[in-house]
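Residue numbers (UniProt numbering): 1 to 346. All residues carry an ideal CB built from backbone N, CA and C; glycine is no exception.
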Amino acid sequence: MRNLPSVAICIPTFNQAQYLPISVGSACQQIYPNIEVWVSDDASTDDTPEVMDRLCEQFPQAHYYRQPKNLGMVGNNNWLLRQLKAEFIVRIDSDDFLLPNYVERLVDLLQKYPDAGYAHTAVWEIDERGEKQGVRQLARIEEFREADKELRAAVSGFRMTANIAMFRSKALQRLNFYQGRPEFTQDYDLIVRMADAGYGNVYTSEILAGYRVWTDTELIRPRRKRVELQGMIRVYEESLLTAFQKRGWDTKFIEQQRQKLALNHAAFCYNPFFSEAERSELIELLQELGDSPALQIRLWTMRLGLAPFWEWQYQTLLKLKALVKFWLHKLSITKDNYRFNFNHQK
């Protein structure tokens, strides 16, 4: 163990006591031996302290800290990451989980590619009950992607299957973690800043974690849509645009993607649970994100009652993209198996 790089798994949590035995248990039961697990409780009001007391007794490598007041998502993450001194840091939400070989596999990959700032994997998508709903994977063949290529790819969106990843600690420190960054888009912003700083990344299509997707029964996402749009504007203007200008790259592609993103989010803003004042504010943010004649036409058609059609079109496109990724993943596995069999026949 003395020669193995140290790994810290950080789990920020808030009012998810029922899932902590799964997330903390999966972190503590990694086959990689040189790990520590840290849980930062953002002043939960459920029985998180009692659950963590039991887990810390069960797993000696688990450490628990309860914040005296609620810091918010970014604040709690920042505090937790700053406490860790390990060479590699894994960040996982408290309702997700890691497979037993997650840490071992990603340590190997980050050691193989010293220019990579982080590593990520395909994941199981699970529901509230923990039942598998499918696989999330990227339509990506290469194991290592260099920084400039990732920076260009990031213009089209967040290029990870989930916000579960292993980071090189010195890369996070160099970027000052999430300090001052927008909520709900902080992970997207981080990978852009990683690429801008010259860090590539490693991806494996092996399924090594589980990511929980919630049914939005309490309309939480609508309430945070305003903050999400504000965050995306900041990612494009403060991180992507700055990085492109620094390199002398054409920024027209960024403008085009902003307009496309605004179109994709337009239908959501016409859901009936928004008041007129809320809808007006969201439309202003859409126009700031990426105004265009196409957006104005779409907003006009939505005022005529066509919002359900545009939402259906967007959801259908997402399903088609997921299908393409699924078959690319299948082809990648078939190709790897062919190489394995061919090499063993020689």
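Helix, strand or coil at T217 according to DSSP, with G and I counted as helix: Counting from one through the sequence shown, the residue named residue 217 turns up at place 217. Any reading at T217 needs caution, since the residue's pLDDT is 47, under 50, leaving its predicted position unreliable; the model's value is listed next. Correct three-state label for T217: coil.
message: Threshold first: 4 residues or longer. Then list the alpha helix (DSSP H) segments lying entirely within the region 111 to 164, N to C.
response: 147 to 154
query: How big is the Cα-Cα spacing for L71 and D42?
result: Position 71 of the sequence shown, counted from the first residue, corresponds to residue 71. Position 42 of the sequence shown, counted from the first residue, corresponds to residue 42. Between L71 and D42, the C-alpha separation is close to 6 Å.
query: Is the CB-CB distance between G117 and P182 below 9 Å?
result: By one-based count along the sequence shown, residue 117 stands at place 117. By one-based count along the sequence shown, residue 182 stands at place 182. No, Cβ-Cβ distance for G117 and P182 is not below 9 Å.
For H63: DSSP bridge partner residues: For the purposes of this step, residue 63 is identified with residue 63 of the sequence shown, where counting begins at 1. In the DSSP output, where bridge partners are listed per residue, H63 has W38.
- request: Look at V202 and Y113 and say whether their C-beta atoms are less than 9 Å apart.
  value: Here residue 202 is taken as the residue at index 202 of the sequence shown, counted from 1. Here residue 113 is taken as the residue at index 113 of the sequence shown, counted from 1. Yes, these two residues count as a Cβ contact at 9 Å.
- prompt: Where in the region 155 to 209 do unbroken runs of the beta strand (DSSP E), each at least 3 residues long, occur, reported from the N-terminal end onward?
  reply: 165 to 168
query: With distances taken between CB atoms, is the gap from T185 to V123 smaller than 9 Å?
result: Walking along the sequence shown from the start, residue 185 turns up at place 185. Walking along the sequence shown from the start, residue 123 turns up at place 123. For T185 and V123, no; Cβs fall outside 9 Å.
- prompt: Taking the C-alpha atoms as reference points, what is the distance between A267 and T316?
  reply: Within the sequence shown, numbered from 1, the residue matching residue 267 stands at position 267. Within the sequence shown, numbered from 1, the residue matching residue 316 stands at position 316. Cα to Cα, A267 sits roughly 13 Å from T316.
- request: Could you tell me whether the region 129 to 142 touches the region 191 to 200, using the rule of 3 or more Cβ pairs below 8 Å?
  value: no
- prompt: Does the count of Cβ pairs from the region 238 to 251 and the region 279 to 289 closer than 8 Å reach three?
  reply: no
query: Among K260, M302 and P293, which has the Cα closest to the Cα of G279?
result: As a first step, residue 279 is located in the sequence shown; it is residue number 279 there, counting from the start. As written in the sequence, residue 279 is Arg, which differs from the Gly given in the question. Of the listed residues, the one whose Cα sits closest to R279 is M302.
- request: Identify, in the order they occur along the chain, each residue of the same chain with its Cβ nearer than 7 Å to the Cβ of N3, setting aside the five sequence neighbours on each side.
  value: Position 3 of the sequence shown, counted from the start, is the residue given in the question as residue 3. Closer than 7 Å at the Cβ level, and outside the excluded window around N3, lies no residue.
query: Where does F244 fall in DSSP's three states?
result: Here the question's residue 244 lines up with position 244 in the sequence shown. Three-state DSSP puts F244 in a helix.
- prompt: Is I31 helix, strand or coil by DSSP?
  reply: On the sequence shown, position 31 is the one that residue 31 refers to. In this structure, I31 counts as coil in the three-state DSSP scheme.
message: Report the start-end ranges of each alpha helix (DSSP H) in the region 44 to 108 that is 4 residues or longer and not cut off at the edges.
response: 48 to 58 and 72 to 83
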